[in-house]
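Note that the protein sequences, when read in sequence, are chains A and B.
Quick note: the first sequence uses this note's numbering, first residue 1, plus one each step.
Quick note: the second sequence uses this note's numbering, first residue 252, plus one each step.
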Amino acid sequence: MRILHLLLAALLFAMPAKAEEIVLGLSQDEVAITATFEGSHILIFGAIKRDGTETVDGDLGVIITVSGPKTPITVRRKERKYGIWINADAVEVDAAPSFYAVATSGPIEEVLKEVEDLRHSVTMSRAIRSVGAKVEGSESFTEALIRIRSDAGLYSTFIGTVDLEEDTLFRTAINLPSNITEGAYETRIFLTRGGIVIDEYDTIIPVEKVGIERWLYRMAQDNAVLYGIMSLLIAVAAGWGASAAFAALRR
Amino acid sequence: MLIYLPIAEVSVNAFLLLGLGGIVGILSGMFGVGGGFLMTPLLFFIGIPPAVAVATEANQIVASSFSGVLAHLRRKTVDIKMGLVLQAGGLVGSGLGIIVFNYLKALGQVDLLVKIFYVVFLGAIGGLMFVESINTLRHSSKGRTPAKRRKHNWVHNLPFKMKFRVSGLYISVIPPLLVGMAVGVLAAIMGVGGGFIMVPAMIYLLGMPTKVVVGTSLFQIIFVTAFTTMLHATTNHTVDIALALLLLIGGVIGAQIGTRIGVKLKAEQLRILLAIMVLAVCVKLSFDLLLTPSELFVLGAAGGH
Chain A
1 MRILHLLLAA LLFAMPAKAE EIVLGLSQDE VAITATFEGS HILIFGAIKR
51 DGTETVDGDL GVIITVSGPK TPITVRRKER KYGIWINADA VEVDAAPSFY
101 AVATSGPIEE VLKEVEDLRH SVTMSRAIRS VGAKVEGSES FTEALIRIRS
151 DAGLYSTFIG TVDLEEDTLF RTAINLPSNI TEGAYETRIF LTRGGIVIDE
201 YDTIIPVEKV GIERWLYRMA QDNAVLYGIM SLLIAVAAGW GASAAFAALR
251 R
Chain B
252 MLIYLPIAEV SVNAFLLLGL GGIVGILSGM FGVGGGFLMT PLLFFIGIPP
302 AVAVATEANQ IVASSFSGVL AHLRRKTVDI KMGLVLQAGG LVGSGLGIIV
352 FNYLKALGQV DLLVKIFYVV FLGAIGGLMF VESINTLRHS SKGRTPAKRR
402 KHNWVHNLPF KMKFRVSGLY ISVIPPLLVG MAVGVLAAIM GVGGGFIMVP
452 AMIYLLGMPT KVVVGTSLFQ IIFVTAFTTM LHATTNHTVD IALALLLLIG
502 GVIGAQIGTR IGVKLKAEQL RILLAIMVLA VCVKLSFDLL LTPSELFVLG
552 AAGGH
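What follows is the structure, encoded as structure tokens:
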């Protein structure tokens, strides 16, 4: 019994009583997509709480990732066969985020060790690869996925854009482009020292359609027949309207 | 002015869409084509997801062809009887086409087959029309009477004759039914309304007057695209009503203008322009197949083709 107590005590000591912890604030709790949505940016800021027992070995770093809802996606490669370009191979990535942004307080190799990146899937190539790891030879396909989505402004990496002041206060702005989809945007903040993650803080930023956007979307999903008929009625009414207007003009 | 589309989930410039709708509407009113083959790639280009582009395009075509048909009805250039017969054949054809499409899909490489088919088909139709109309135009400009197309061939000896007054034809219903069916099959496989196949078929196979062909083609396109819209709305939920509205405002106005341009042109001129357009689409598609693409990879929804 005494041995068990000792063991428990030892375990408690070994447990990292987090010496440095993240306290977070967001400029907005949710993003509303309205009919005139032109993108948005979220200010992510916070402080590092210390209890005085921290060991100061290595520099402090802050890494922030924002990830959109994950959906499966097929990446196809074209190949020239008999002189024409056709879709040859395809790789299915089981869960690619619709949006992914990484912001760091310094160069990646300084703020995050390779092994920690592997464990937490932080950087772009890790985050995308880890979810599609089942397929063979998928390297060039996931690279293509990242390249195409980066060109569309959906995937981005910002090195050194997290301001870290006095090793205590940090802040950054994450830009959400106008072509984002709705869903729960998983936001992770990593606090690292010498490239080792010492604290992680996770939160969700909901991105939702509101007003007429929401109404139309729900109707298309829940009342598909009515929605289809409405679309057709609008089309016929517009066709008739234009015809009548032009006929009136001629007179 | 940027508008966020609720189904497509992207922001687009409203004026750009109005303009695109207008241009395609003009072509629609002039030639009796839906314009889907032109609009769909343009929508891909501005970032609309393919599934949404195809479904919404169908809805927009309902509007522009309805607008065009009303303009043609006023000029009495719609053969409703012929349109209905073609439609009847078209429905059977679409059903068959879907079966063929699924069979091709099971074989794989359906996209490629469709594209090659398209190129060969468009090249042949466009080329034949172009040569024929140029010849007609040259003959008439030399002052000679244009060579009259054969009005009597084996087609006219078939049973079940019917009078199509607007077209000035007294022919068997079998050829229009077959034409409608063939176009229905092709339209279902290629995923287009089939206007630009229907128009040459009506001119050359059925011998209908060019002026009547445009209105009649638009008339039957309304039904095909209305059906497609409902199908997409209920099964895939991919009709974006906001996108459709922006496109169709431009489209209905364009269709009215196009009809007026079409009426002013000579039948031969109209056929030459149509031939040029068909050939242009053919050339564009062959370039897609032959030239090295700038991006070798494409993204698609999982499971889709």
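Don't be surprised by glycine CBs; every beta carbon is placed ideally from N, CA and C.
From a predicted model like this one, the values you see are computed outputs, not experimental measurements.
Inset, instruction - Note the first and the last residue of the continuous beta strand (DSSP E) segment covering S318/B. - result: No beta strand (DSSP E) holds S318/B; the alpha helix (DSSP H) holding it covers P301 to R325.
Legend entry - Contact list for the region 415 to 449 of chain B against chain A, Cβ threshold 7 Å: none
Legend entry - Partners in chain B for L216/A, counting only beta-carbon separations shorter than 9 Å: P257, I258, D491, I492 and A493
Inset, instruction - Note the first and the last residue of the continuous beta strand (DSSP E) segment covering D109/A. - result: For the sequence presented, residue 109/A should be read as Glu rather than Asp. First-last for E109/A: I108 to V111, but that is the alpha helix (DSSP H), not the beta strand (DSSP E).
Legend entry - Three or more C-beta pairs below 8 Å linking the region 449 to 457 of chain B and the region 467 to 481 of chain B: Touching, yes, given that three or more Cβ pairs across the two stretches are closer than 8 Å.
Inset, instruction - Report yes or no: is there a C-beta of chain A within less than 8 Å of the C-beta of R557/B? - result: For chain B, the structure presents residues 252 to 556; residue 557/B sits outside this window and is missing.
Inset, instruction - Count the C-beta pairs between the region 499 to 513 of chain B and the region 38 to 54 of chain A that are closer than 8 Å, then say yes if the count reaches three, no if not. - result: Taking 8 Å as the limit for Cβ pairs, the verdict is that the region 38 to 54 of chain A does not touch the region 499 to 513 of chain B.
Inset, instruction - With DSSP as the reference, label R416/B as helix, strand or coil. - result: coil
Inset, instruction - Using alpha carbons as the reference points, say which of I86/A, R77/A and T104/A lies closest to S156/A. - result: T104/A
Inset, instruction - Could you tell me which chain A residues have their CB closer than 9 Å to the CB of I500/B, listed as they occur along the chain? - result: A238 and A242
Legend entry - 8 Å Cβ cutoff, I146/A in contact with chain B: no
Legend entry - Pick from I73/A, I189/A, G183/A and S125/A that is closest to A96/A, judged by C-alpha positions: Among I73/A, I189/A, G183/A and S125/A, the Cα nearest to that of A96/A belongs to I73/A.
Legend entry - Residues of its chain near A144/A, where Cβ-Cβ distance is below 8 Å and the 5 sequence neighbours each way are ignored: V75 and R77
Legend entry - CA nearest to the CA of L268/B, picked from Y369/B, F296/B, L363/B and G509/B: F296/B
Inset, instruction - Show which residues of chain B have a CB atom less than 7 Å away from the CB atom of I84/A. - result: Neighbours of I84/A on chain B, chain order: L540 and L541.
Legend entry - Contacts that Q471/B makes with chain A (C-beta to C-beta distance below 9 Å): Those do not exist, as Q471/B stays about 15 Å from chain A at its closest Cβ, beyond 9 Å.
Inset, instruction - Just tell me which of T53/A, V210/A, S27/A and A184/A has its CA closest to the CA of S98/A. - result: A184/A
Inset, instruction - Starting from E20/A, trace the beta strand (DSSP E) both ways and give me its first and last residue. - result: E20 to L26
Legend entry - Separation of P177/A from A133/A, as counted between CA atoms: Confidence in A133/A is poor, its pLDDT being 47 and thus under 50, which makes the residue's placement too unreliable to answer from.
Inset, instruction - Look at the alpha carbon of P397/B and the alpha carbon of H390/B, and state the distance between them as a whole number of angstroms. - result: Because the pLDDT at P397/B is just 47, under 50, the model does not fix this residue reliably, and the value given afterwards should be weighed accordingly. So the two alpha carbons sit approximately 6 Å from each other.
Inset, instruction - Would you check if the distance between the CB atom of G446/B and the CB atom of I472/B is smaller than 8 Å? - result: yes
Inset, instruction - List the residues that DSSP assigns as beta-bridge partners of N264/B. - result: L253/B
Inset, instruction - Drop a sphere of 10 angstroms on the beta-carbon of A526/B, count the other beta-carbons inside from all chains shown, and report buried for 16 or more, exposed for fewer. - result: buried
Legend entry - Which listed residue (G377/B, A339/B and A357/B) has its alpha carbon closest to that of L429/B: A339/B
Legend entry - Same chain, Cβ closer than 6 Å to A306/B, five either side skipped, listed in chain order: H483, T489 and V490
Inset, instruction - Taking the CB atoms as reference points, tell me whether F381/B and I512/B lie closer together than 8 Å. - result: Result no, Cβ atoms of F381/B and I512/B do not sit closer than 8 Å.
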